[in-house]
Ligand SMILES: [Zn+2]
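Numbering (the numbering used here), first residue to last: 469 to 709.
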């Protein structure tokens with residue numbers, strides 16, 4: 469089992485770890501600050517250094533129940549001590565995009581009654597899917613941008629709270645946050661990691677986020693398209709904070 473350092477602290481950029489698994493092109497560590505692809509958020513990249521050499525981490529993925537760091541070059545042997553460095557520019561951009569997506573989703577839920585169906589968080593441009601949303605014209609885009617930017621400019625603190633499953637669901641339901649997606653979380657997951665953005669939004673999410681909405685910058689909504697079954701995909705970029 470790999471301890472995921474980002475679950476308690478999204479700002480860990482470097483860490484020391486021990487290799488507990490090794491194979492052709494991959495390394496498994498006892499702990500890691502690398503975010504493994506999942507929950508719509510792209511994987512981190514970076515590097516791992518041993519006593520004699522440094523190898524590139526191209527991607528981190530959950531494979532066969534393991535968190536595998538897919539690496540370029542010869543993997544490290546089990547028992548080796550390594551130092552990991554996360555490509556911070558890339559990760560931090562994902563944190564800004566991911567936090568922005570939560571605010572956007574909540575804004576659309578409150579103002580247009582739509583539900584979030586999925587997301588894809590990555591540097592440069594991210595996207596999220598909403599239903600039911602038949603049209604999304606220029607006037608609506610500008611209105612949503614202004615609304616989301618007004619919320620983010622309130623410098624809302626972003627907090628992580630771990631709660632037992634039942635408590636988390638009732639916490640979110642009582643406050644009328646979106647909860648339908650929680651049915652998809654396997655019953656084996658007994659504790660939820662609840663993300664709170666001021667008292668504006670709360671959601672169960674294992675992704676990475678900034679500590680305050682002041683770090684995000686401004687949302688710029690780009691194209692949107694109908695992807696079927698009343699689902700609309702919205703693309704967005706961020707301006708510098
Ligand atoms: Zn999230």
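Even for Gly, the Cβ is constructed at its ideal location relative to N, Cα and C.
Source: prediction; values computed, not measured.
Comparing C-alpha positions only, which one of the options sits nearest to residue i?
{"i": "residue 658", "options": "523, 634, 643, 564", "result": "634"}
{"i": "residue 577", "options": "562, 559, 616", "result": "616"}
{"i": "residue 698", "options": "488, 547, 544, 601", "result": "601"}
{"i": "residue 707", "options": "701, 696, 689", "result": "689"}
{"i": "residue 630", "options": "551, 661, 501, 583", "result": "661"}
{"i": "residue 587", "options": "612, 566, 603", "result": "566"}
{"i": "residue 702", "options": "668, 582, 620, 551", "result": "582"}
{"i": "residue 509", "options": "619, 626, 558", "result": "558"}
{"i": "residue 626", "options": "535, 604, 672, 502", "result": "672"}
{"i": "residue 533", "options": "471, 514, 477", "result": "471"}
{"i": "residue 515", "options": "540, 644, 531", "result": "540"}
{"i": "residue 482", "options": "503, 628, 536", "result": "503"}
{"i": "residue 713", "options": "637, 621, 473", "result": "This structure cannot speak to residue 713, because the chain is shown only from 469 to 709."}
{"i": "residue 500", "options": "530, 637, 643, 685", "result": "530"}
{"i": "residue 620", "options": "685, 667, 654", "result": "685"}
{"i": "residue 556", "options": "507, 506, 479", "result": "479"}
{"i": "residue 506", "options": "680, 491, 653, 681", "result": "653"}
{"i": "residue 704", "options": "554, 667, 570", "result": "570"}
{"i": "residue 568", "options": "632, 491, 695, 668", "result": "668"}
Specify the secondary structure class of residue i as computed by DSSP and reduced to three states.
{"i": "residue 569", "result": "helix"}
{"i": "residue 690", "result": "strand"}
{"i": "residue 647", "result": "coil"}
{"i": "residue 715", "result": "Lying before the first or after the last residue shown, residue 715 is absent from the chain, which here runs from 469 to 709."}
{"i": "residue 469", "result": "coil"}
{"i": "residue 545", "result": "coil"}
{"i": "residue 486", "result": "strand"}
{"i": "residue 675", "result": "coil"}
{"i": "residue 658", "result": "coil"}
{"i": "residue 622", "result": "coil"}
{"i": "residue 697", "result": "coil"}
{"i": "residue 586", "result": "strand"}
{"i": "residue 602", "result": "coil"}
{"i": "residue 684", "result": "coil"}
{"i": "residue 481", "result": "coil"}
{"i": "residue 638", "result": "helix"}
{"i": "residue 629", "result": "strand"}
{"i": "residue 615", "result": "helix"}
Please tell me whether residue i and residue j are closer than 8 Å, where the distance is taken between their beta carbons.
{"i": "residue 674", "j": "residue 469", "result": "no"}
{"i": "residue 585", "j": "residue 562", "result": "no"}
{"i": "residue 677", "j": "residue 664", "result": "no"}
{"i": "residue 528", "j": "residue 512", "result": "yes"}
{"i": "residue 574", "j": "residue 683", "result": "no"}
{"i": "residue 650", "j": "residue 670", "result": "no"}
{"i": "residue 489", "j": "residue 546", "result": "yes"}
{"i": "residue 687", "j": "residue 607", "result": "no"}
Kindly give me the distance between the Cβ atoms of residue i and residue j, rounded to whole angstroms, as I take these residues to be in contact under 8 Å.
{"i": "residue 624", "j": "residue 596", "result": "Going by Cβ atoms, the distance from residue 624 to residue 596 rounds to 19 Å, so no, they are not a contact pair."}
{"i": "residue 543", "j": "residue 484", "result": "About 18 Å separates the two Cβ atoms, so there is no contact after all."}
{"i": "residue 594", "j": "residue 551", "result": "30 Å between Cβ atoms; not a contact."}
{"i": "residue 580", "j": "residue 700", "result": "Residue 580 to residue 700, Cβ: 10 Å. No contact."}
{"i": "residue 519", "j": "residue 604", "result": "With a Cβ gap of about 54 Å, residue 519 and residue 604 do not count as contacting."}
I want to see whether chain B comes within less than 8 Å of residue i, judged by CB atoms only; does it?
{"i": "residue 659", "result": "The displayed structure is made up of one protein chain only, and chain B is not part of it."}
Touching by the beta-carbon criterion (3+ pairs, under 8 Å), the region 492-504 and the region 516-528:
Short answer: they touch.
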